[in-house]
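**Q**
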Amino acid sequence: MGLHPLEFSECYLDSPSFREKIKAHEAELDRTNRFIKELYKDGKNLINATKQLGMAQRKFAQCLGEFQFEYIGDAKTDDEKCIDESLQEFSSFLKNLEDQRELMMRNITETLMKPLEKFRKDHLGTVRAERKKYEKETEKYYSSLEKLLNMSAKKKEPQLQEADVQVETMRLHFQEESLDYVCKLQEIQERKKFECVEPMLAFFQTVFTFYHQGFELAKDFDHYKRALQINIQNTRSRFEGARSEVYELMKRIRETPQEYRQTSPISCEGYLYVQEKRPPPFGSSWVKRYSTFVKEQKILHMVTFDHRSGGKIGETESVTLKSCLRKTTDVLDRRFCLELDITDRPGTVLTVQALSEDDHKFWMQAMGGKEPIGHFLGRTYSKERGIDAQLDDVGLSFIKNSISAIEKRGIDDQGLYRVVGVSSKVQKLLLLMIDEKSNEVDLSTSEDWDVKTITSALKLYLRSLPEPLMTYGLYKDFISLAKGGSPESRIQAVHCLVHKLPERNRQVLGLLMKHLANVAAHSKQNLMTVANLGVVFGPTLMRPQEDTVAAIMDLKFQNIVVEILIEHNEKIFADAPESCPFSPAAPVFSAPTRQSKKQNRQNRPLAVYNPQALDIQNVSAVGDGSSLATDETSMGSNESVSSQSSSASASEMPEKSDHVPLSNSLSSGSNSGAPTAGASCSNTGASGESQPASTTAASEKEKPEESVTSRKAKAVYPCEAEHDSELSFQVGAIFNAVTQSREPGWLEGELEGKRGLIPENYVEML
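According to UniProt numbering, the sequence shown is numbered sequentially starting from 1.
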């Protein structure tokens, strides 16, 4: 049972049970007071701990924002640009989240801590003061009463009457205090129910608001996150391909290091031990120097460098060479020595020692010595594999035969072109098919050769050509265009370069790209997206003349070129371009970088809290010959983000101005086809088609007729609408009746009969 009510009538009786009831009420209020004090203390600790968490999070965000990746090579892919900017995006997200947390802490102080403390001091504190006063009046009244009752009856009547009046006055005052105190006790007992709980409700509302704001931030971040997952996946796939090539190059260099020694017609370099003569009796010493010989000027630059001294670089000395003679061991008891006649110091002979016999021959030839050696002529696949592949009628027939068989028998096979056949069978098939003396085998009907053997033989044939299909001469141009520029400029550049290829090369390349586009069209079954095919065929169709790690780092750009060829094969191979307004080797400028939307939601009214489940697929790269997962994402992205040929990736989108749609200029009604709030302009191919938002007839009537002109604009980036008042569109879309919007950074225009807002930096005026 709860507390007994305190009846006012009992204040006059002041019975023991009444006093017990008062004590119970007082004990309950004391307990409430202790509870609020403890809650206030814990609340302070919570606020301080949250502040510490916020400081740690901000420091973490600052650390993220200040770091930047360095990449090997002279350019980054669009995927790498997005990954490079991701740390700044994460930092910005965390800072925004901490801003919301800081706001929550301020609200908790105002809505919870201060009201509770005010109630404790103003009401519970007042009751305690009233209690002391009541106890004092009780003591005073009953002491007077006892004194009155102890008076002698023999006292004079006036004295007795005066004493009676005084006690009666004290009794009335005591009863008044008792009534007030009882009323106060019961008032506080009732008041505490809402005075304590209402601040707690406000506290939880503040907490829920914070978590809802976090959900809103996460929803805004979701589209960028998904695009970043594709960027990471593409980069991982290219890394796997580049790593295998690097290991293969390292293996070849380990087997024949001298063949891969870096040299050029201009200069050669390496370590030489130089004899330095000293005055007697000290003799001479041999000092290791890194030497660079410039052939045309016959200048030898030597810099002292000792690995054992912490890699300290000494001074550089340069001498001009007149002649070079081999120094025999009968003259000097050291092997691999050369005698250099120096023109700078007539009569002075410089003696140097090479590191080995091969190194000795290398320097002899470089410096014009008498012992000839063969130059490194570079590796070709045909010599290495013993396959004489040529781009002739026989080879063309084999390509057509293979493509026909693959499309008929295995177009839906998982991992098509990534799952390799047995090496011996692959070589046997290729030798059979390119042998002019053998009878041609119809691979479409032959059961002797499985699909993976045919695909591997086709790739081996392309790799075994004396020159890659896209030629050594145009390699640098193709790579250059992939390192920058807008999506449209890349397509135009590839179009131009393809039509600079020899006729047979272009014919075969077009045939192959049409086939690969067909393979990519079946990617839901075979898991071979455009991005995956780019990884497979990039190094097959393009390669530099010299194998170096720097060249392998350009594999990712080879993939981009192949992706463009696959996605736009119809346009590129149909007709020659009307004009090539720019040189592929000329400097290109990257499109504006996309950054995730950063919204300040502190003053924004809360939306309905309706979190949606996020289906994030695991991202994993699959290498040649590895087991294949059934999940489509295990083979690569669903769309080619790297090529950016028909649409720009998340890393290449310009930032779109945030806005709240103007209800009096465009319809704010919902559209079932419009994307959810928080979406942002992106590669719409990767995220699904979005329907353009439509406007109502009423809002159309509100637009003055004179504001609609005949101006047109063309989309240079794709966009997915964020609000019902915006338009969704693809690259190349033409907008009619384009006018300047009252929203800064936005235009208004018509697309397919619908009028809406267009980001100004996503279009160019016609």
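Backbone N, C-alpha and C fix where the C-beta goes; we use that ideal spot for every residue, glycine too.
Being a predicted model, the structure only gives us computed values, none of them experimental.
1. Provide the residue(s) that pair with Gly749 in DSSP beta bridges, ordered along the chain.
2. Ile47 and Arg120 look like a contact to me (Cβ under 8 Å); what is the Cβ gap, rounded to whole Å?
3. State whether the segment 211-224 contacts the segment 521-540, with contact taken as three or more CB pairs (one from each stretch) at a distance under 8 Å.
4. According to DSSP, simplified to helix, strand and coil, what is Ile342?
5. Return the CA-CA distance between Glu546 and Glu70, expressed in angstroms with no decimal places.
6. Leaving out five residues on either side along the sequence, give the residues of the same chain with a beta carbon under 6 Å from the beta carbon of Ser590.
7. Using the beta-carbon count (16 or more within 10 Å), is Tyr181 buried or exposed?
8. Using the C-alpha atoms, what's the distance from Tyr141 back to Tyr134?
9. Less than 7 Å between C-beta atoms, sequence neighbours within five positions excluded: which residues of the same chain meet that for Asp413?
10. Report the rounded CA-to-CA distance for Ser620 versus Glu503, giving the unit in angstroms.
11. Measuring straight from C-alpha to C-alpha, what distance separates Ala457 and Ile434?
12. Can you tell me whether Val352 is buried or exposed? The criterion is at least 16 other CB atoms within 10 Å of its CB, across all chains shown.
13. Can you check whether the C-beta of Glu28 is within less than 7 Å of a C-beta belonging to chain D?
14. Thinking C-alpha only, which one of Gly410, Leu565 and Ile188 is nearest Gly125?
15. Out of Ile232, Arg335 and Ser144, state which residue places its alpha-carbon closest to the alpha-carbon of Ala354.
16. Please report the straight-line C-alpha distance between Ser668 and Glu726, rounded to a whole angstrom.
17. Roughly how many whole angstroms lie between the Cα atoms of Thr471 and Lys500?
18. Please confirm if the segment 223-240 is in contact with the segment 527-538, defined as three or more CB-CB distances below 8 Å between the two stretches.
19. Can you tell which of Val441, Leu443 and Cys268 has its C-alpha closest to the C-alpha of Asp359?
20. If you drop the 5 nearest sequence neighbours on each side, which residues of the same chain put their C-beta closer than 8 Å to that of Leu3?
21. Can you have a look at Glu436 and say buried or exposed, based on whether 16 or more other CB atoms are within 10 angstroms of its CB?
22. For the candidate residues Ile758, Thr455, Ser356 and Ala49, whose alpha-carbon lies nearest to that of Ile411?
23. If you follow the alpha helix (DSSP H) that Ser17 is in, where does it begin and where does it stop?
24. Taking all protein chains shown into account, do 16 or more other C-beta atoms lie within 10 angstroms of the C-beta of Ile72, making it buried, or fewer, making it exposed?
25. Is Gln558 helix, strand or coil by DSSP?
26. When you compare only the Cα positions, how much space is there between Leu516 and Ile566?
27. What is the DSSP secondary structure of Leu355, counted as helix, strand or coil?
28. Measuring CB to CB, does Arg418 end up less than 7 Å from Thr540?
29. Which residues share a DSSP beta bridge with Trp363?
30. Quick one: Cα of Cys719 to Cα of Asp99, how far?
31. Can you give me the Cβ contacts of Val319 inside the same chain, cut-off strictly under 6 Å, excluding the 5 residues immediately before and after it?
32. Using a threshold of 7 Å, state whether the C-beta atoms of Phe735 and Leu757 are closer than that.
33. Quick check on DSSP: helix, strand or coil for Asp74?
34. Rounded to the nearest angstrom, how far is the Cβ of Asn569 from that of Lys514, given a contact under 8 Å?
35. Can you list, in chain order, the residues of its chain whose CB lies under 8 Å from that of Ser404, leaving out five sequence neighbours each side?
36. Are there 16 or more other CB atoms within 10 angstroms of the CB of Leu97, so buried, or fewer, so exposed?
**A** In short, the structure shows the following:
1. Gly756
2. Actually they do not touch by this definition, with Cβ atoms about 17 Å apart.
3. no
4. strand
5. 25 Å
6. Residue confidence for Ser590 is low, a pLDDT of 36 falling below 50, so the modelled location carries little weight and cannot support an answer.
7. buried
8. 10 Å
9. Val451 and Asn526
10. Reliability of the predicted coordinates at Ser620 is poor, the pLDDT of 34 falling under 50, and the value obtained from them is presented with this limitation in mind. Taking the straight line joining both Cα atoms gives about 39 Å.
11. 11 Å
12. buried
13. In the structure shown, chain D cannot be found, because there is only a single protein chain.
14. Ile188
15. Arg335
16. Confidence at Ser668 is low in this model, with a pLDDT of 34, below 50, so the placement of that residue should be treated as unreliable; the coordinate-derived value is given next. If I take the Cα positions, the gap works out to 10 Å.
17. 10 Å
18. yes
19. Cys268
20. Lys21, Ala24, His25, Glu28 and Gln189
21. exposed
22. Thr455
23. Pro16 to Glu66
24. exposed
25. helix
26. 6 Å
27. coil
28. no
29. Paired residue(s): none; Trp363 is not in a bridge.
30. 29 Å
31. Leu300, Ile342 and Asp344
32. no
33. coil
34. 5 Å
35. Leu443 and Ser444
36. buried
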